[in-house]
Amino acid sequence: MMSDRKIGYIGLGNMGGGMASHLVASGYDVTVFDLRAEAVQALEDKGATAASSPKDVAEKCDVIISSLPTPQSVENAATGENGLVHGLSAGKVYIDMSTIDPDTTRRVGAAVRATGAEMLDVPVGMGPAHAARGQLTLMIGGNASVVEDCKDVLDTLGGEQFYCGELGSGATTKIVNNLVSCSVATLLGEAVTLGVAAGLDPERLRNVMNNTAASTLHGRNWTEGKGVRAQLRAWL
Numbered sequence: 000m001m002s003d004r005k006i007g008y009i010g011l012g013n014m015g016g017g018m019a020s021h022l023v024a025s026g027y028d029v030t031v032f033d034l035r036a037e038a039v040q041a042l043e044d045k046g047a048t049a050a051s052s053p054k055d056v057a058e059k060c061d062v063i064i065s066s067l068p069t070p071q072s073v074e075n076a077a078t079g080e081n082g083l084v085h086g087l088s089a090g091k092v093y094i095d096m097s098t099i100d101p102d103t104t105r106r107v108g109a110a111v112r113a114t115g116a117e118m119l120d121v122p123v124g125m126g127p128a129h130a131a132r133g134q135l136t137l138m139i140g141g142n143a144s145v146v147e148d149c150k151d152v153l154d155t156l157g158g159e160q161f162y163c164g165e166l167g168s169g170a171t172t173k174i175v176n177n178l179v180s181c182s183v184a185t186l187l188g189e190a191v192t193l194g195v196a197a198g199l200d201p202e203r204l205r206n207v208m209n210n211t212a213a214s215t216l217h218g219r220n221w222t223e224g225k226g227v228r229a230q231l232r233a234w235l
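The numbers in the sequence shown follow numbering that gives the first Met the number 0, run straight up by one, and end at 235.
The following block contains the structure:
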């Protein structure tokens with residue numbers, strides 16, 4: 000059941016924009032912030048409210064979510080000038096859904112808890128299309144009682160959900176998962192390249208692999224002609 004808590008979203012890129020849009024479509028009162036004015040405008044057009052800074056988001060919202068590209072961007076949004084910690088207070092929850100290292104997560108978590116608020120780290124699996132449909136795989140780290148308190152929001156954003164342990168365990172799980180995922184993607188690319196060099200049709204080869212023990216999520220979603228970097232961004 001959806002609560003009447005106000006949701007803040009910081010970072011409206013390929014993943015964050017989809018998640019924020021889905022929250023709006025699901026009926027939540029959503030306030031957003033991004034460094035790109037056009038990204039904010041796109042969410043305003045869907046019914047979200049714009050904020051002037053991460054601090055502004057935190058002051059106006061009960062649950063604040065971020066999806067940002069780097070550890071430094073998370074720290075800047077959380078603890079920098081006009082960072083969200085300056086707008087947090089007891090009873091509020093910060094959920095970071097970025098793919099970052101656990102040390103940064105725990106460092107930010109300490110700053111968040113110093114305000115009386117709580118933090119969860121919830122990196123995700125799957126891609127932008129899943130984000131827009133609320134069908135992401137969630138890797139959840141943090142206090143179990145806080146996870147339960149945020150169940151309505153997490154259920155809106157995620158399909159499969161896995162509680163991994165205390166704060167930072169979600170980030171660690173995502174890194175380990177990415178190690179396997181990137182290795183599989185690299186091996187798949189090398190194998191297809193080898194087959195094509197030997198004269199095989201890549202589509203026929205892919206169909207064979209997808210119907211044997213060599214089948215992988217990467218292989219089933221391979222888009223020929225799309226660069227490896229773009230493939231990895233979509234998958235991870």
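C-beta: ideal position from N, C-alpha, C; glycine also.
For G169 and D120, the gap between their C-alpha atoms comes out near 6 angstroms. Judged by DSSP in its simplified three-state form, E74 adopts helix.
Taking the C-beta atoms as reference points, I6 is found no nearer than 8 angstroms to D33. In the DSSP annotation of this structure, the continuous segment of the beta strand (DSSP E) that includes G158 starts and ends at 157-164. Approximately 18 angstroms separates the beta-carbon atoms of M138 and P127; this is outside 8 angstroms, ruling out the contact. Taking all protein chains in view, the Cβ of P101 is crowded by 16 or more other Cβ atoms within 10 Å, so the residue is classified as buried. Rounded to the nearest angstrom, the gap between the Cα atoms of V23 and P201 is 41 angstroms.
Here the alpha carbon of G164 sits roughly 21 angstroms from the alpha carbon of G115. Linking A190 to G133 through their CA atoms gives a straight-line distance of about 33 angstroms. The alpha-carbon separation between Q40 and N13 amounts to approximately 15 angstroms.
With three or more CB-CB distances shorter than 8 angstroms, the stretch 43-61 counts as touching the stretch 84-101.
Shown here, G7 sits in a strand according to DSSP, grouped into three states. Ranked by Cα distance from Q71, the first of I94, K45, I64, T104 is T104. Taking T172 as the centre and dropping the five residues before and after it, the same chain places the C-beta of M138, C163 closer than 6 angstroms to its C-beta, in chain order.
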